[in-house]
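Colleague:
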Amino acid sequence: MFEQPFVRPSLLQAIDPRVRLAFAALSAVCLAPLKSLPACWLGLALGVMLLAISRPPLLPLLRRLAAVNMFILFLWCVTPWSTPGTVLAQWGIFAVSAEGVRLSLLVSIKSNALVCVFLALVASMDSPTVGHALERLRCPRKLVFLFLFTGRYVHVLASEWQTLNVAARLRGFRPRTDMHTYRTLASLLGLLLVRAYERSLRVREAMLLRGFEGRFRSVAVFRARPVDALFALSLLLCLAGIVWMEWKGGPHV
1 MFEQPFVRPS LLQAIDPRVR LAFAALSAVC LAPLKSLPAC WLGLALGVML
51 LAISRPPLLP LLRRLAAVNM FILFLWCVTP WSTPGTVLAQ WGIFAVSAEG
101 VRLSLLVSIK SNALVCVFLA LVASMDSPTV GHALERLRCP RKLVFLFLFT
151 GRYVHVLASE WQTLNVAARL RGFRPRTDMH TYRTLASLLG LLLVRAYERS
201 LRVREAMLLR GFEGRFRSVA VFRARPVDAL FALSLLLCLA GIVWMEWKGG
251 PHV
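Under my numbering, the residue at position 166 of the sequence shown is numbered 166, and the numbers go up by one with no gaps.
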């Protein structure tokens with residue numbers, strides 16, 4: 001869960017992280033409101049193209065896409081049957097509507113397009129780089145602080161939880177659906193919160209002793225180059241074409 005397999009050499013690594021973050025957000029703003037299928041397909045094509053340029057590892061990519069599409073599968077199980085409209089097929093009291101199928105397809109395409117864009121542009125950066133880029137983009141300093149500490153210490157808390165689980169199993173604990181299990185899990189969660197609080201105090205004291213003033217300083221320096229401008233212009237033209245396709249018309253939900 002805490003690995004970063006998408007951080008690997010590719011053409012996108014040469015692009016300024018600020019540009020990648022900014023255009024990932026702009027892509028979400030442009031792709032999320034789309035209602036025409038042609039524009040959504042163009043958005044998916046853009047995401048796949050960026051993903052191909054980033055050269056992601058196949059297995060982690062399939063796992064992440066599978067996790068997203070598992071949620072979309074539940075949408076397909078409900079929306080075509082519950083959306084009123086033109087009936088495509090009917091089995092007794094159950095009817096599949098054309099509007100429901102179109103809506104499910106629309107959500108599926110847009111979701112996969114956004115996932116591909118973010119995996120290509122954002123997941124290809126490590127957490128400190130993302131935090132530094134967010135700060136340079138004038139994001140709230142407290143938000144950047146929270147993001148960096150979450151990325152740094154979530155795996156520590158996960159390790160503490162695994163240690164508590166192992167200790168409980170060594171003492172004969174076996175989870176069941178009874179009150180003893182619920183009380184034991186609540187106690188483990190309470191211990192985890194206490195240990196997390198104590199660790200946070202130690203980390204804070206250690207950082208203050210090292211002169212921490214509430215702001216992270218990075219040795220990395222971001223400099224805009226012609227290749228960044230070319231990349232930004234290309235993505236801007238692609239997004240403009242998608243928005244124009246949406247505005248031009250087509251079958252809307």
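C-beta atoms are modelled at their ideal positions from N, C-alpha and C, and glycine is treated no differently.
1) Could you spell out the range, first to last residue, of the beta strand (DSSP E) harbouring Val-96?
2) Ignore the nearest five residues each way along the sequence and tell me which others in Leu-148's own chain have a CB closer than 8 Å to its CB.
3) Apart from the five residues on each side of it in sequence, which residues of its chain come closer than 8 Å, Cβ to Cβ, to Asp-228?
4) Classify Val-117 as helix, strand or coil using the three-state DSSP reduction.
5) With distances taken from CA atoms, which of Ala-89, Pro-5, Ile-72 is nearest Leu-58?
6) DSSP three-state label for Val-122, please.
7) Any chance the CB of Thr-129 is under 7 Å from a heavy atom of the ligand MN?
8) Considering Cα atoms alone, identify which of Ala-120, Arg-210, Ala-67, Pro-226 is closest to Val-48.
9) Let me know if Glu-198 comes out buried or exposed under the rule of 16 or more other beta-carbons within 10 Å of its beta-carbon.
10) To the nearest angstrom, how far is the alpha carbon of Tyr-182 from that of Arg-176?
11) Just grab the DSSP bridge partners of Trp-91 for me.
Modeller: To lay it out plainly:
1) If you number the sequence shown from 1, residue 96 lands on position 96. Note, Val-96: beta strand (DSSP E), 94-97.
2) Start at 1 with the first residue of the sequence shown, and residue 148 comes out as number 148. Excluding sequence neighbours, Leu-148 sits near Ser-127, Pro-128, Gly-131, Phe-216.
3) Within the sequence shown, numbered from 1, the residue matching residue 228 stands at position 228. Counting only Cβ-Cβ distances below 8 Å, and skipping sequence neighbours, we find Ile-15, Asp-16, Val-19.
4) Here residue 117 corresponds to residue number 117 of the sequence shown, with the count starting at 1. Of the three classes helix, strand and coil, the one that applies to Val-117 here is helix, per DSSP.
5) One-based indexing of the sequence shown puts residue 58 at position 58. Ranking Ala-89, Pro-5, Ile-72 by Cα distance to Leu-58 puts Pro-5 first.
6) For the purposes of this step, residue 122 is taken as the residue at position 122 of the sequence shown. Of the three classes helix, strand and coil, the one that applies to Val-122 here is coil, per DSSP.
7) Judged by which ligands are present, the structure shown has none, so any question about the ligand MN falls away.
8) Working through the sequence shown from its first residue, we reach residue 48 at position 48. Measuring from the Cα of Val-48, the nearest candidate turns out to be Ala-120.
9) Start at 1 with the first residue of the sequence shown, and residue 198 comes out as number 198. Classification for Glu-198: exposed.
10) Position 182 of the sequence shown, counted from the first residue, corresponds to residue 182. Position 176 of the sequence shown, counted from the first residue, corresponds to residue 176. Near 8 Å, if we compare the C-alpha coordinates of Arg-176 and Tyr-182.
11) Mapped onto the sequence shown, residue 91 falls at position 91. Phe-94.
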